[in-house]
Amino acid sequence: MAGECRRDRADEDGQYHAAVRLRALIPLALVVALAVGACGGTEPTRFDETGAPFTFSYPPELQKVFADTGREVKGQDPLYRVALGADETNVVVAATYDVGKDTAKIKPAKLAVAVERAARSLAKAMNADVPKRSDGTLGVMKAAIFEFQAPKRGLTTRVFYAFQGQTQYFLRCQWDEAGANVIPAACDEVAETFRPATSG
Numbered sequence: 001m002a003g004e005c006r007r008d009r010a011d012e013d014g015q016y017h018a019a020v021r022l023r024a025l026i027p028l029a030l031v032v033a034l035a036v037g038a039c040g041g042t043e044p045t046r047f048d049e050t051g052a053p054f055t056f057s058y059p060p061e062l063q064k065v066f067a068d069t070g071r072e073v074k075g076q077d078p079l080y081r082v083a084l085g086a087d088e089t090n091v092v093v094a095a096t097y098d099v100g101k102d103t104a105k106i107k108p109a110k111l112a113v114a115v116e117r118a119a120r121s122l123a124k125a126m127n128a129d130v131p132k133r134s135d136g137t138l139g140v141m142k143a144a145i146f147e148f149q150a151p152k153r154g155l156t157t158r159v160f161y162a163f164q165g166q167t168q169y170f171l172r173c174q175w176d177e178a179g180a181n182v183i184p185a186a187c188d189e190v191a192e193t194f195r196p197a198t199s200g
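Numbered according to the working numbering, the sequence shown spans residues 1 to 200.
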């Protein structure tokens with residue numbers, strides 16, 4: 001009887017077994033999709049544009065910001081600049097500047113003084129506290145890192161100064177309370193993955 005029952009079902013509806021298999025697979029597909037999402041399905045985005053002097057990875061929630069997000073170096077335009085952010089205030093800005101001479105030939109103490117002055121000038125322009133310096137890296141390059149607060153504007157700013165050849169590589173991360181959960185981590189990711197672009 002059982003065998004006849006199976007034959008009758010197959011004979012009456014040839015799609016019976018296929019439908020059962022499909023219903024069994026749908027929950028499995030949903031479980032796999034949910035598992036992929038839970039494991040961080042959002043991969044970092046790579047900034048690697050033609051003609052850009054550097055590359056880096058950044059979180060996909062950041063977008064290009066085309067509005068004026070402030071200047072990094074007083075009285076000097078960047079050779080290249082890109083701003084990524086959650087909005088016009090919460091941004092990560094990467095730029096390069098022409099130093100005009102090979103920085104390897106500049107005395108480290110003199111370069112350190114110039115960087116300190118630049119950081120203090122930037123902080124002053126933002127009505128911020130005196131910046132605190134630490135030594136770190138911007139990708140594979142040694143970097144001077146400064147962080148300061150602008151209490152009246154509710155902003156925190158972290159800047160990186162690194163040098164290679166005649167080029168100053170600059171990274172500025174800025175955030176307020178609304179961006180505190182996004183920009184500091186994005187800043188760390190950009191700084192860790194930052195690389196000067198290879199020529200050719």
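In this text, a Cβ means the ideal position worked out from N, Cα and C, and glycines have one as well.
Per the DSSP secondary-structure output, methionine 141 pairs in a beta bridge with Leu138.
The three-state secondary structure of valine 99, taken from DSSP, is coil. Collapsing the DSSP output to three states places leucine 111 in a helix. Within 10 angstroms of the beta-carbon of proline 60 lie fewer than 16 other beta-carbons, which makes it exposed. Look at arginine 153 here: in three-state DSSP terms it is coil, with no helix or strand label.
If you ignore the 5 residues before and after alanine 83, its C-beta comes within less than 6 Å of the C-beta of Val65, Thr69, Val91 and Val93, all in its own chain and listed in chain order.
Nearest in C-alpha terms to leucine 171, of all of Asp102, Asp77, Arg46 and Ala143, is Ala143. Approximately 11 Å separates the beta-carbon atoms of tyrosine 58 and glutamate 192; this is outside 8 Å, ruling out the contact.
Here the alpha carbon of leucine 122 sits roughly 15 Å from the alpha carbon of tryptophan 175. Taken atom to atom, the span from the alpha-carbon of arginine 120 to that of alanine 95 is near 18 Å. Within the same chain, Cβ atoms closer than 7 Å to the Cβ of glycine 136 are found at Ala143 and Ile145, the five residues on either side in sequence being excluded. Residue pairing of phenylalanine 148 in beta bridges, as defined by DSSP: Thr157. Alanine 128 and glutamine 149 have their C-alpha atoms some 5 Å from each other.
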